[in-house]
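Participant: In the working numbering, the protein residues as written are -7 to 337. Beta carbons are placed, not taken as given, at the ideal position from N, Cα and C, and that holds for glycine. Nothing here was measured: the structure is a model prediction, and the numbers come from that model. Got a structure for you, written out below as structure tokens; questions coming shortly.
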Amino acid sequence: MAKASELGKDEERFAETLLSWYDRSARRLPWRVPPGEGVRQDPYLVLISETMLQQTTVATVKGRFGAFIETFPSVEALASAKEEEVLAAWAGLGYYRRARSLHACAKAVAEVHGGVFPADEGSLRKLPGIGAYTAAAITSIAFGQRAVVVDTNVERIVARVRRITEPLPKARKLIAGEAEKLMPEDRYGDYAQALMDHGATICRPKAPDCLLCPVRPFCASAGTEDAVRLPIKPPKKTRKQVEGVMGVVTLPSGEIVAEDRPGKGLFAGMLGLPGGGWDGREVPSWLEGFEEAGAVRHVLTHRELNITVITGKVSELPAGYRAVSVEGARNSMPTLFVKALGSGI
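This is the structure we're talking about:
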């Protein structure tokens, strides 16, 4: 088993140096309170931002966070919303199970805790949809309590600083232990966000900027190939290739034909375009004979969808479907359908 390199007394200076860098270089993000203002962040905003940032880029979340908070400005507002309203506000962010979990969490906070978030990590983890990482993030960032926050950025930094060569996922327990050793005695929220920023801007996955790294003196991998190759990840699994058809079908009113998707499966309960094949359902017979307009490729976690987009017109709305405006579809449908819509309009 690989062992972490020893940093000795430099452990204390690591956190101090990183926090000093963060005070100068913190990213300005719409859900954050800048360092040094002496104000803790709203736990509701931390919950929303951290949930959005799971498997979605910061750039995308920056563009969507404000609109979501404007629609649901408080945990009570989110809790009282209908599921379809939450899913519509989430459209374009992907991984819609997150939106449902977020909705369930808001209901639990509102109904069980009187709209007040629990301030300890253990109680937070009992809320629907909140795992170890999100609970630690809320505990440290919103409540200023000591909690070891380990996301992929922190995992990468610690693996490189400590030169942990044991492959993931086995190395995660060792990485978490080393991450705890490197923590400061205060400013836990700022420290967690400093690690996130450092991993996003300096200690990047494929091109770390070691020359500009503020904690280079404490990094056991600095100047070696391990600064790029660590952490060692397991081989990627090949995604399953799935073919399918989607129709962009226009009504005399200028609206298009849309469907409310089934309550289970891909994009469950969301507004979508008619079609099939890619989701295990047969292509509706009324789409036969329409003209092929293009193709769309869409990557999901475990599969890659290759969609043939067809276009046509119908004189009346088929049974079981509904009419929506093109703009309404763009604003409420998941990205896959918006891509197909763009290919067929």
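May I ask you to check if the CB of V67 is nearer than 7 angstroms to at least one heavy atom of the ligand COA?
Facilitator: No copy of the ligand COA occurs in the structure displayed, which carries no ligand at all.
Participant: Where does V146 fall in DSSP's three states?
Facilitator: Note: V146 maps to helix in three-state DSSP.
Participant: To the nearest angstrom, report how far apart K331 and G239 are at their CA atoms.
Facilitator: So the two alpha carbons sit approximately 12 angstroms from each other.
Participant: Assuming P223 and E147 form a contact by the criterion Cβ under 8 angstroms, report the distance between their Cβ atoms to the nearest whole angstrom.
Facilitator: That pair is a contact at about 6 angstroms.
Participant: Taking the beta strand (DSSP E) that H290 falls in, what are its first and last residues?
Facilitator: Note, H290: beta strand (DSSP E), 283 to 291.
Participant: Spell out a yes or no on whether the stretch 182 to 189 and the stretch 4 to 15 are touching, meaning 3 or more CB-CB pairs, one atom from each, closer than 8 angstroms.
Facilitator: Verdict: yes, contact present.
Participant: Helix, strand or coil: how does DSSP classify Q185 here?
Facilitator: Looking at Q185 - three-state DSSP - the assignment turns out to be helix.
Participant: For G267, which of helix, strand or coil comes out of DSSP?
Facilitator: Correct three-state label for G267: strand.
Participant: Quick check: what's the CA-CA separation for Q46 versus V142?
Facilitator: Cα to Cα, the separation comes out at about 13 angstroms.
Participant: Report the partner residues of Q233 according to the DSSP bridge assignment.
Facilitator: Beta-bridge pairing links Q233 to E296.
Participant: What residues in its chain sit with their C-beta under 7 angstroms from that of Q233, if we drop five residues either side in the sequence?
Facilitator: Excluding sequence neighbours, Q233 sits near E296, N298.
Participant: Tell me the rounded alpha-carbon separation between A199 and S72.
Facilitator: Near 44 angstroms, if we compare the C-alpha coordinates of S72 and A199.
Participant: In this structure, does DSSP put K198 in helix, strand or coil?
Facilitator: Correct three-state label for K198: coil.
Participant: Measure the alpha-carbon distance for A370 versus R24 and round it to whole angstroms.
Facilitator: Nothing can be reported for residue 370: it is not among the residues displayed for the chain, which extend from -7 to 337.
Participant: Using DSSP's beta-bridge definition, name the partner residues of T63.
Facilitator: DSSP, once it has assigned bridges, lists no residue as partnering T63.
Participant: Could you pull the start and end residues of the alpha helix (DSSP H) that V330 belongs to?
Facilitator: Element bounds for V330: 327 to 336.
Participant: Can you give me the start and stop residues for the beta strand (DSSP E) that I248 sits inside?
Facilitator: Per DSSP, I248 belongs to the beta strand (DSSP E) from 248 to 252.
Participant: Under 8 angstroms, with one C-beta from each stretch per pair, do the stretch 121 to 137 and the stretch 193 to 210 reach the 3-pair mark?
Facilitator: No, because fewer than three Cβ pairs between the stretch 121 to 137 and the stretch 193 to 210 fall closer than 8 angstroms, the two stretches do not touch.
Participant: Applying the criterion that 16 or more other CB atoms from any shown protein chain within 10 Å of the CB defines a buried residue, is P22 buried or exposed?
Facilitator: Answer is exposed; the Cβ neighbour count stays below 16.
Participant: Does the Cβ of G264 have 16 or more other Cβ atoms within 10 Å, making it buried, or fewer, making it exposed?
Facilitator: Under this definition G264 is a buried residue.
Participant: Work out the CA separation of S41 and Q33 for me, nearest whole Å.
Facilitator: Taking the straight line joining both Cα atoms gives about 11 angstroms.
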